[in-house]
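Q: Numbering-wise, the sequence shown is residues -16 to -1, 1 to 304 according to mature numbering (1 follows the signal peptide of the UniProt record, and there is no 0).
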Amino acid sequence: MRLAFLLLFASTLLRAQSEIKWTVNLNTQQITQTDANVFKTLEQELVNFLNSRTWTDDVFQEEERIEATLFLTLSEATTANGDNEEIIPNRYTGTLAIQSARPIFGTGEVTPVLNYQDKRLEFTYEQFQAIQLSDQTFTSELSSIIGFYAYIVLGMDYDTFSALGGQPYFEQAQQLYNRLPAALLNSGGWTSAGKTNNRYLLLENLLSPRMLPMRRAAYTYHRLGLDQMLTDPLAARQNITLAIQDVQSANQVYPNSALVQSFVDAKREEIIQIYTGATGAEQNAIIEMLSRIDPSKAGSYREIRSGGSGAINRRQAGKR
């Protein structure tokens, strides 16, 4: 009886640990009139919410947890009052940058998976207000935004371990979107109107049949590429080339997509490092493809021929 109880207790403790190991950073330098203690509380509430919630039915060992960092840069929301602007109490705007990484099999290194910036952040928060997320109903703007990105991080991570493995988590993000009230659905961060990158377009990219090559590329690049580098580096690099070809295909049918831009932002330095040791023909092919996919950074990819300057982040990590 005691053994069974201890095993159950240990299992409960393990499941209470989030699959994602979150770091949260708040930049409030633009805040002028709100008590700074409000944001200390907000940061702690975000950390507690993110690191105590479980999002999947899978059990993650400590070394398997996804590493993710959330950067919020906030300012006070204002409204016009005659010729002046008036601060709206407890209302904040700003940007949210999110990054995630996963381990490379058999190494002490991790590789970036998601690198995305949300420039249309807006929410209401009162000090000591608990951040809660329901699977059935809308709770708040802030919890919806944070929950949405947690599902995106999970889905993109799972896509790197199995072909289209992140589908259930992208569908969870869609269900969260569907629970939003009409007023939010018409707001800048969530609206389906226009072509400006926002949460709606990121989710649409991930669920669109047009972007299946992009999702396939995540698996080919990571599981058949990076994870095989130690055992067969030539085949691994060839698979990474195939993945980049898929990225190019996705970019051709869906130009300037949020998902493609997130990929090149996350992988640019890593790709430069990988192809530094490739043949001249491989280098030329990759430089040509990536210059079309990411034209504003074409000069960076030409560094491949000169040895590059990128480096994969070296940190102790395991493999799920």
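Beta carbons: idealized from backbone N, C-alpha and C, even for Gly.
All figures in this text were calculated on a predicted structure; none of them were measured in a lab.
Looking at the secondary structure, which residues open and close the alpha helix (DSSP H) in which residue 138 lies?
A: 125 to 145
Q: Counting only runs that start and end within the stretch 82 to 114, where is the beta strand (DSSP E) found for 3 or more residues in a row?
A: 94 to 108
Q: Can you give me the Cβ contacts of residue 174 inside the same chain, cut-off strictly under 8 Å, excluding the 5 residues immediately before and after it?
A: 161, 164, 168, 182, 183 and 184
Q: Distance check for residue 268 and residue 51, CA to CA, integer angstroms please.
A: The alpha-carbon atoms of residue 51 and residue 268 are separated by roughly 33 Å.
Q: Between the alpha carbons of residue 196 and residue 234, how many angstroms are there, rounded?
A: 8 Å
Q: I believe residue 154 touches residue 190 by the beta-carbon criterion, under 8 Å. Please report the beta-carbon distance rounded to the nearest angstrom.
A: 5 Å
Q: Could you spell out the range, first to last residue, of the alpha helix (DSSP H) harbouring residue 25?
A: Counting along the chain, the alpha helix (DSSP H) containing residue 25 begins and ends at 21 to 36.
Q: Got a sec? Which residues, its chain only, sit under 8 Å from residue 5 by beta carbon, not counting five neighbours each side?
A: 35, 49, 50, 51 and 52
Q: Rounded to whole angstroms, what's the CA-CA distance from residue 166 to residue 271? Just pull it up for me.
A: Annotation: residue 166 to residue 271 spans about 45 Å, alpha carbon to alpha carbon.
Q: Mind checking residue 112: buried by the 16 CB within 10 Å criterion, or exposed?
A: exposed
Q: What residues are listed by DSSP as bridge partners for residue 9?
A: 55
Q: So if DSSP puts residue 80 in a beta bridge, which residue, or which two residues, is it bridged to?
A: 56 and 102
Q: Taking its Cβ as the centre, do 16 or more other Cβ atoms sit within 10 Å of residue 278, making it buried, or is it exposed?
A: buried
Q: Give me the Cβ distance between residue 219 and residue 205, rounded to the nearest whole Å; I'm assuming they're in contact under 8 Å.
A: 13 Å between Cβ atoms; not a contact.
Q: Across the stretch 79 to 89 and the stretch 102 to 122, are there enough close Cβ pairs to call them in contact, namely three or more that are closer than 8 Å?
A: Verdict: yes, contact present.
Q: Residue 110: buried (16+ other C-beta within 10 angstroms of its C-beta) or exposed?
A: exposed
Q: Could you name the residues of the same chain whose beta carbon sits closer than 6 Å to that of residue 75, not counting the 5 residues immediately before and after it, in chain order?
A: 61 and 108
Q: Express the C-alpha separation of residue 47 and residue 247 in angstroms, rounding to a whole number.
A: 24 Å
Q: Taking the alpha carbon of residue 129 as the reference point, which residue from 13, 30, 251 and 266 has its own alpha carbon closest?
A: 30
Q: Could you give the residue range of the alpha helix (DSSP H) that holds residue 281?
A: Segment: none, residue 281 is in no alpha helix (DSSP H) and carries neither H nor E.
Q: Using 8 Å as the Cβ pair cut-off and three pairs as the minimum, do the stretch 138 to 150 and the stretch 198 to 215 touch?
A: yes
Q: Excluding the five sequence neighbours on either side, which residues of its own chain have a C-beta within less than 8 Å of the C-beta of residue 127, listed in chain order?
A: 33, 115, 116 and 117
Q: What does the alpha-carbon distance come out to for the pair residue 259 and residue 16?
A: Approximately 48 Å between the Cα atoms of the pair.
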